[in-house]
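As numbered in the working numbering, residues 25 to 181 make up the sequence shown, in order. Report on one structure; see the data block that follows.
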Amino acid sequence: MARLAMDRTTNTPVVFLREVVGDRGLAIWIGAAEANAIALALQGEDASRPMTHDLAASALRAAGATVDRVAITAVRNGTYFAELTLAREAAPSVVLDARPSDAIALALRFGASLVAAESLLTVEGAAPPLAPEPLSDAALRAHLRRLGPEDFGRFEP
Numbered sequence: 025m026a027r028l029a030m031d032r033t034t035n036t037p038v039v040f041l042r043e044v045v046g047d048r049g050l051a052i053w054i055g056a057a058e059a060n061a062i063a064l065a066l067q068g069e070d071a072s073r074p075m076t077h078d079l080a081a082s083a084l085r086a087a088g089a090t091v092d093r094v095a096i097t098a099v100r101n102g103t104y105f106a107e108l109t110l111a112r113e114a115a116p117s118v119v120l121d122a123r124p125s126d127a128i129a130l131a132l133r134f135g136a137s138l139v140a141a142e143s144l145l146t147v148e149g150a151a152p153p154l155a156p157e158p159l160s161d162a163a164l165r166a167h168l169r170r171l172g173p174e175d176f177g178r179f180e181p
């Protein structure tokens, strides 16, 4: 995991993943709530009340499961796909379809490995820059706090 930043052209959070060894990476645009969940996990902070990803992590732990691995597997029509591998002692692993942002937020809470399909990685500098300058964690969190309900679009049940 490299960093969180804001794409200043779309005012959207971006998670930048980078190889541990090498110069390839992957940028995935994510929602504000997911960016906040990832930022909290990166900083090792807890929210005053459990957020969705914290609740999911607690439920998995209570069931005796852990997140073992997250794989960003594909992109179709601009949408990234991920697989979340759950492990339980003396039980077969379970692989679940997941949104990359949710899977990353959970992986960080479990210290799970995070991988991406080779076909998704680009050499840094080979693609146009996605964000001129990354925001600091504090600046990103301040931006996320300023967002109002209207910034998330209209949702109808």
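Backbone N, C-alpha and C fix where the C-beta goes; we use that ideal spot for every residue, glycine too.
- Query: Out of curiosity, what's the CA-to-CA distance linking Asp121 and Ile96?
  - Reply: Here the question's residue 121 lines up with position 97 in the sequence shown. Here the question's residue 96 lines up with position 72 in the sequence shown. Cα-Cα distance, rounded: 10 Å.
- Nearest neighbour of Arg123, chosen from Glu43, Ala83, Gly102 and Leu164 [CA to CA]: The residue given as residue 123 occupies position 99 in the sequence shown. Comparing Cα-Cα distances from Arg123 to each of Glu43, Ala83, Gly102 and Leu164, the minimum goes to Gly102.
- Given a threshold of 16 other Cβ atoms within 10 Å of its Cβ, counted over all protein chains shown, does Val44 qualify as buried or as exposed? As a first step, residue 44 is located in the sequence shown; it is residue number 20 there, counting from the start. Within 10 angstroms of the beta-carbon of Val44 lie fewer than 16 other beta-carbons, which makes it exposed.
- Task: On a CA-only basis, which of Thr33, Ala63, Val91 and Ala71 is nearest Val119? Give me that one, please.
- Result: Start at 1 with the first residue of the sequence shown, and residue 119 comes out as number 95. Nearest of Thr33, Ala63, Val91 and Ala71 to Val119, Cα basis: Val91.
- Less than 8 Å between the CB atoms is what I'm expecting for Arg52 and Ala129, so what's the real figure, rounded? Counting from one through the sequence shown, the residue named residue 52 turns up at place 28. Counting from one through the sequence shown, the residue named residue 129 turns up at place 105. According to the sequence as given, residue 52 is Ile; it is not Arg. That belief does not hold up - the Cβ atoms of Ile52 and Ala129 are roughly 12 Å apart, past 8 Å.
- Message: Quick check: what's the CA-CA separation for Met77 versus Ala127?
- Response: Here residue 77 is taken as the residue at index 53 of the sequence shown, counted from 1. Here residue 127 is taken as the residue at index 103 of the sequence shown, counted from 1. The amino acid at residue 77 is misidentified as Met; the sequence shows His. When rounded, the distance between both Cα atoms is 9 Å.
- Query: For the alpha helix (DSSP H) that Ile62 lies in, which residues bound it at each end?
  - Reply: Counting from 1 along the sequence shown, the entry for residue 62 is found at position 38. Unbroken alpha helix (DSSP H) run through Ile62: Ala56 to Gln67.
- How would you write the range of the alpha helix (DSSP H) that Asp70 sits in, first residue to last? Start at 1 with the first residue of the sequence shown, and residue 70 comes out as number 46. That residue, Asp70, is in no alpha helix (DSSP H); it is neither H nor E in DSSP.
- Would you report the Cα separation of Val38 and Ile54, rounded to the nearest angstrom? Looking up residue 38 in the sequence shown gives position 14. Looking up residue 54 in the sequence shown gives position 30. Going by the C-alpha atoms only, they are around 6 Å apart.
- Query: Taking the continuous beta strand (DSSP E) assigned at Ser117, which residues delimit it?
  - Reply: The sequence position of residue 117 within the sequence shown is 93, counting from 1. Residues Ala115 to Ala122.
- Message: Cutting at 7 Å between CB atoms, please list the residues of its own chain near Leu144, excluding the five before and the five after it.
- Response: The sequence position of residue 144 within the sequence shown is 120, counting from 1. Once the five neighbours on either side are set aside, the close Cβ partners of Leu144 are Leu50, Ile96 and Val99.
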